[in-house]
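Below you'll find the structure, written out as structure tokens, and then a few comments.
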Amino acid sequence: MPEALGRHPLRSTTPWSRRLGPWLGAALAISLAGCQTAPGTPAPDTSTTPGPQPTDVAGTSGPPDPTAEALPPVTGQQPSERIGAFYYPWYRTADEGGWDGWNSGERFEPPGDIGSDYYPVLGPYSSSSREVVAQHFAWLREAGIGVAISSWWGRGDYRDEVVPLLLEMGERYGIRIAIHIEPYEGRTAERVVEDVRYLYERYGDSLALYRTTAPTTWTGEGSKGVFFLWAAESTNFTDVVEPGYWREAMDAIHAMPESGVVIANTLLGSRVDSDHFDGLYNYATQRLEDTRGFAWAAAIPPGAWYVPSVLPGFSASRIGGDPSYRLDRLEGATYDTQWEAALGIGLEPQLVTITSFNEWPEGSQIEPAVGGLDNGKGYDYLDYGSLGEDGYLGRTADWAARFADVTWPEAVTVQLRLSTTSDGTFVRLLSGGYWMRPSISDVSNRAIDAGFQFDRLALSQPIPDAEAGRRVEVILDVDLAYLDPAGRFEFEIDRGHYGSTRLEVFVERGGELVRVGDFTWAGIKPGPVNTKTFRLPVRDLIDASS
11 MPEALGRHPL RSTTPWSRRL GPWLGAALAI SLAGCQTAPG TPAPDTSTTP
61 GPQPTDVAGT SGPPDPTAEA LPPVTGQQPS ERIGAFYYPW YRTADEGGWD
111 GWNSGERFEP PGDIGSDYYP VLGPYSSSSR EVVAQHFAWL REAGIGVAIS
161 SWWGRGDYRD EVVPLLLEMG ERYGIRIAIH IEPYEGRTAE RVVEDVRYLY
211 ERYGDSLALY RTTAPTTWTG EGSKGVFFLW AAESTNFTDV VEPGYWREAM
261 DAIHAMPESG VVIANTLLGS RVDSDHFDGL YNYATQRLED TRGFAWAAAI
311 PPGAWYVPSV LPGFSASRIG GDPSYRLDRL EGATYDTQWE AALGIGLEPQ
361 LVTITSFNEW PEGSQIEPAV GGLDNGKGYD YLDYGSLGED GYLGRTADWA
411 ARFADVTWPE AVTVQLRLST TSDGTFVRLL SGGYWMRPSI SDVSNRAIDA
461 GFQFDRLALS QPIPDAEAGR RVEVILDVDL AYLDPAGRFE FEIDRGHYGS
511 TRLEVFVERG GELVRVGDFT WAGIKPGPVN TKTFRLPVRD LIDASS
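Positions in the sequence shown are counted from 1; adding 10 to them yields our numbering.
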């Protein structure tokens with residue numbers, strides 16, 4: 011018999027023309043000195059679909075700029091604050107004491123020869139250039155991207171010194187700035203708390219700092235900054251941290267007068283509960299088939315943000331990148347596939363992020379790239395093919411508009427009771443809808459790995475307990491969406507060779523739980539997996555709950 015668990019009710023249920031100004035033409039001429047050019051790709055149609063309206067904070071522009079005539083104009087609709095792009099302010103030129111970001115440890119010789127498989131339309135630029143940042147933010151606005159998520163490597167780092175310029179241009183172009191806290195040397199949970207306090211003290215008065223009023227599992231509805239924590243399963247790339255490591259730090263940030271939303275780079279939905287993260291993002295998934303697309307998001311509990319990251323491609327051969335990580339762009343088809351996968355799991359994203367706007371060494375950028383150019387030493391830079399130099403701006407604007415137009419269906423909440431006398435069991439929904447937003451209400455004390463792992467419901471116990479016939483159980487609520495009343499749920503139960511597994515499905519009607527499905531798998535099948543497929547008509551669920 012399972013341990014006593016009690017009764018658990020369900021939870022309540024028109025873009026500006028891309029002209030190169032005089033300053034840009036001069037910069038490009040200097041940057042291309044010593045390079046050999048080939049016939050370029052004809053410029054594409056520059057008309058794009060305006061991005062959606064912002065959802066959190068109305069866009070504001072700063073006071074008139076005395077040098078405004080040298081900068082791209084502010085035109086078109088306010089970009090969407092539900093579309094963000096990872097932004098890298100780490101580029102420096104010879105005029106700043108030496109090339110940085112373009113030469114990959116002096117392996118290359120900018121401006122003609124740079125550490126990237128692609129070559130930017132602006133040439134190898136400085137992230138501290140007012141004109142460059144203005145052009146970037148005009149492009150972001152044109153693409154419907156309302157949030158620039160800026161790479162940040164600690165207090166006093168030179169990339170920190172670029173933030174005031176980003177905020178200034180953010181106010182001008184209606185772009186919000188979020189801080190992407192990287193795993194800098196010496197990063198710890200305690201230091202991240204101090205980092206957030208520092209960021210508020212230094213930059214909190216800017217209208218361009220990205221804030222949200224949306225509540226999360228751990229925060230209320232007041233305005234609060236949004237921060238991204240990269241490599242959240244470690245402190246500095248190498249030191250792996252256990253679940254719960256960040257919990258006190260997150261609680262401290264949530265308790266600040268300004269509060270804060272921290273979106274963590276991990277695919278483990280359980281870390282929302284163990285570490286009190288406010289949401290999860292993947293940053294980059296080159297092989298969608300390896301993770302069943304964005305299936306990891308099914309494990310995100312209620313109240314936490316789903317923030318998928320989409321890639322146009324990934325190509326880092328010039329800097330010695332692992333060829334197995336290469337992701338060909340396929341004339342924009344790769345970008346479309348990533349967007350479709352991110353929006354196609356039934357779960358509404360609070361924010362979609364693009365990896366990246368300008369990570370040139372890794373070749374993941376959507377920033378305009380020159381077509382038909384070589385480095386003068388035998389290397390032909392890649393380009394965007396038939397999309398043209400600025401094709402990903404229009405492609406992004408199209409996807410921003412499509413995202414804004416999606417109608418997300420209401421979900422039906424069911425209660426699942428999974429019990430087993432085996433050492434381990436999994437349940438996976440194969441067809442008939444999507445399940446998401448799991449919330450565990452009870453679990454046996456001796457159970458381990460109880461809950462969702464990616465899109466599978468898991469439950470296990472120590473082998474000696476299974477050998478003794480002990481039964482463990484987990485009870486949880488799950489939302490079901492995209493249901494076809496004439497269809498049926500098809501799911502499989504995978505179980506070890508001990509004992510049996512039982513899955514019960516309940517809906518609530520009139521304050522009472524009604525069981526609509528009861529499935530047991532106690533057999534043994536030959537082969538490496540021991541699975542059985544079960545079916546439940548969707549109509550049974552709908553009729554029982556109405």
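Using N, Cα and C, we set each Cβ at its ideal position, and we do this for glycine too.
In whole angstroms, give me the CA-to-CA distance for TYR128 and GLN360. In the sequence shown, counting from the first residue as 1, residue 128 sits at position 118. In the sequence shown, counting from the first residue as 1, residue 360 sits at position 350. So the two alpha carbons sit approximately 31 Å from each other.
Once the 5 residues before and after SER429 are set aside, which same chain residues still bring their CB inside 6 Å of it? As a working note, residue 429 is residue 419 in the sequence shown. Here SER429 has PRO12, ARG481, GLU483, ARG512 as same chain residues with Cβ atoms under 6 Å from its own Cβ, once five neighbours each way along the sequence are excluded.
Does the Cβ of GLY254 have 16 or more other Cβ atoms within 10 Å, making it buried, or fewer, making it exposed? On the sequence shown, position 244 is the one that residue 254 refers to. Under this definition GLY254 is an exposed residue.
Considering just the uninterrupted stretch of the beta strand (DSSP E) at TYR291, what are its terminal residues? Translated into positions along the sequence shown, residue 291 becomes position 281. Segment 289-291, the beta strand (DSSP E) holding TYR291.
If we count the other Cβ atoms within 10 Å of its Cβ and call it buried at 16 or more, is LEU209 buried or exposed? For the purposes of this step, residue 209 is taken as the residue at position 199 of the sequence shown. LEU209 is classed as buried because its beta carbon has at least 16 other beta carbons within 10 Å across all chains shown.
Bounding residues of the alpha helix (DSSP H) (the contiguous stretch that carries TRP409): Taking the first residue of the sequence shown as 1, we reach residue 409 at position 399. First-last of the alpha helix (DSSP H) with TRP409: 401-415.
May I ask you to report which of helix, strand or coil DSSP gives MET446? Here the question's residue 446 lines up with position 436 in the sequence shown. MET446: strand per DSSP, three-state reduction.
Taking the Cβ atom as the reference point for each residue, do SER451 and ASP487 lie within a distance shorter than 9 Å? Translated into the one-based positions of the sequence shown, residue 451 becomes position 441. Translated into the one-based positions of the sequence shown, residue 487 becomes position 477. In this structure, ASP487 lies closer than 9 Å to SER451 by Cβ.
Mind the definition here: the stretch 394-401 touches the stretch 182-192 only if three or more C-beta pairs lie below 8 Å; say whether that holds. Not touching, per the Cβ criterion.
With three or more C-beta pairs closer than 8 Å as the rule, is the stretch 329-344 touching the stretch 302-314? With a cut-off of 8 Å, the stretch 329-344 and the stretch 302-314 do not count as touching, because too few Cβ pairs lie within range.
Taking the alpha carbon of ALA343 as the reference point, which residue from THR406, ASP384, LEU490 has its own alpha carbon closest? Taking the sequence shown and counting its residues from 1, the one referred to as residue 343 is at position 333. Comparing Cα positions, the closest option is THR406.
In the DSSP assignment, what residue or residues form a beta bridge with GLN348? Position 338 of the sequence shown holds residue 348. GLN348 is bridged by DSSP to nothing; it lacks a bridge partner.
At which residues does the beta strand (DSSP E) containing PHE499 begin and terminate? Position 489 of the sequence shown, counted from the first residue, corresponds to residue 499. Per DSSP, the continuous beta strand (DSSP E) segment holding PHE499 begins and ends at 498-505.
Beta-carbon proximity list for THR431, same chain, < 7 Å, skipping 5 on both sides: Translated into positions along the sequence shown, residue 431 becomes position 421. For THR431, where only same-chain residues beyond five positions count, the Cβ hits under 7 Å are ALA476, GLY479, ARG480, ARG481, TYR508, GLY509, SER510.
Taking GLU377 as part of the alpha helix (DSSP H), name the residues at either end of that continuous run. Counting from 1 along the sequence shown, the entry for residue 377 is found at position 367. That residue, GLU377, is in no alpha helix (DSSP H); it is neither H nor E in DSSP.
Straight-line Cα distance separating SER90 from GLU152: Walking along the sequence shown from the start, residue 152 turns up at place 142. Walking along the sequence shown from the start, residue 90 turns up at place 80. Distance between the alpha carbons of GLU152 and SER90 is about 11 Å.
For TYR391 and GLY122, what's the separation of their Cα atoms in angstroms? Working through the sequence shown from its first residue, we reach residue 391 at position 381. Working through the sequence shown from its first residue, we reach residue 122 at position 112. Between TYR391 and GLY122, the C-alpha separation is close to 11 Å.
Exposed or buried, which one is PRO99 when buried takes at least 16 other CB atoms within 10 Å? In the sequence shown, residue 99 corresponds to position 89, counting from 1. Buried: at least 16 other Cβ atoms inside 10 Å.
If contact is defined by three or more beta carbon pairs under 8 Å, each pair taking one atom from either stretch, is the stretch 212-224 in contact with the stretch 167-186? Verdict: yes, contact present.
Identify whether ARG21 lies in helix, strand or coil by the three-state DSSP scheme. Taking the first residue of the sequence shown as position 1, residue 21 is located at position 11. The pLDDT assigned to ARG21 is 48, lower than 50, so where the model puts this residue is not dependable; a value taken from the coordinates is nonetheless given after this. Coil.
Using a Cβ-Cβ cut-off of 6 Å (strictly less than) and excluding sequence neighbours within five positions of ALA305, which residues of its own chain qualify? For the purposes of this step, residue 305 is taken as the residue at position 295 of the sequence shown. Spatial neighbours of ALA305 in its own chain (CB-CB distance under 6 Å, excluding positions within 5 residues in sequence) are listed in chain order as PHE464, ASP465.
Less than 9 Å between the beta carbons of ALA144 and PRO225, yes or no? For the purposes of this step, residue 144 is taken as residue 134 along the sequence shown, with counting starting at 1. For the purposes of this step, residue 225 is taken as residue 215 along the sequence shown, with counting starting at 1. Between ALA144 and PRO225, the C-beta gap is not smaller than 9 Å, which leaves the two residues out of contact.
Boundaries of the alpha helix (DSSP H) in which TYR213 is found, first to last residue: Within the sequence shown, numbered from 1, the residue matching residue 213 stands at position 203. 199-213 is the extent of the alpha helix (DSSP H) around TYR213.
Which residues in the same chain as TRP162 place their Cβ atom closer than 7 Å to its Cβ, once the five residues preceding and following it in sequence are excluded? Stepping through the sequence shown from its first residue, residue 162 is reached at position 152. The beta carbon of TRP162 sits closer than 7 Å to the beta carbons of ARG169, ASP170, ILE189, HIS190, ILE191, GLU192 from its chain, once the five residues preceding and following it are set aside; these are given in chain order.
Contacts around GLY323, its chain only, beta-carbon distance under 7 Å, and the 5 residues preceding and following it disregarded: Position 313 of the sequence shown, counting from 1, holds the residue named residue 323. The beta carbon of GLY323 is closer than 7 Å to those of LEU337, ASP338, ARG339, THR344, GLY373, SER374 in its chain, skipping five residues each way along the sequence.
Buried or exposed (CB count within 10 angstroms, at least 16 for buried), PHE413: As a working note, residue 413 is residue 403 in the sequence shown. Burial is judged here by how many other beta carbons sit within 10 angstroms of a residue's own beta carbon; PHE413 has at least 16 and is buried.
Based on DSSP bridge pairs, tell me the residues matched to TRP531. Indexing the sequence shown from 1 puts residue 531 at position 521. Bridge partners of TRP531 according to DSSP: THR511.
To the nearest angstrom, report how far apart PRO54 and GLY401 are at their CA atoms. For the purposes of this step, residue 54 is taken as residue 44 along the sequence shown, with counting starting at 1. For the purposes of this step, residue 401 is taken as residue 391 along the sequence shown, with counting starting at 1. In this prediction, PRO54 has a pLDDT of 31, which is less than 50 and means its spatial position is unreliable; what the coordinates show is noted afterwards. About 7 Å.
Below 8 Å on the Cβ atoms is my guess for THR530 versus GLU500; work out the distance and round it to an integer in Å. On the sequence shown, position 520 is the one that residue 530 refers to. On the sequence shown, position 490 is the one that residue 500 refers to. In this structure, THR530 and GLU500 do not form a Cβ contact; the two beta carbons are roughly 17 Å apart against a cut-off of 8 Å.
When you compare each of ALA468, GLU518, GLU522, ALA491 to ARG505 by their alpha carbons, which one comes out closest? For the purposes of this step, residue 505 is taken as the residue at position 495 of the sequence shown. For ARG505, the nearest C-alpha among the options comes from ALA468.
Check this for me: beta carbons of PRO329 and GLY107, under 9 Å apart or not? What you label residue 329 is simply residue 319 of the sequence shown in a count that begins at 1. What you label residue 107 is simply residue 97 of the sequence shown in a count that begins at 1. Just to set this straight, residue 329 is Ile in the shown sequence, not Pro. At least 9 Å separates the beta-carbon of ILE329 from that of GLY107.
Considering only the alpha carbon of each residue, which of GLY404, LEU383, ALA274 lies closest to MET260? Along the sequence shown, one-based indexing puts residue 260 at 250. Comparing Cα-Cα distances from MET260 to each of GLY404, LEU383, ALA274, the minimum goes to ALA274.
Per-residue burial, ILE376 [other beta carbons within 10 Å of its own, 16 or more giving buried]: Position 366 of the sequence shown, counting from 1, holds the residue named residue 376. With a threshold of 16 other beta carbon atoms within 10 Å, ILE376 meets it and is buried.
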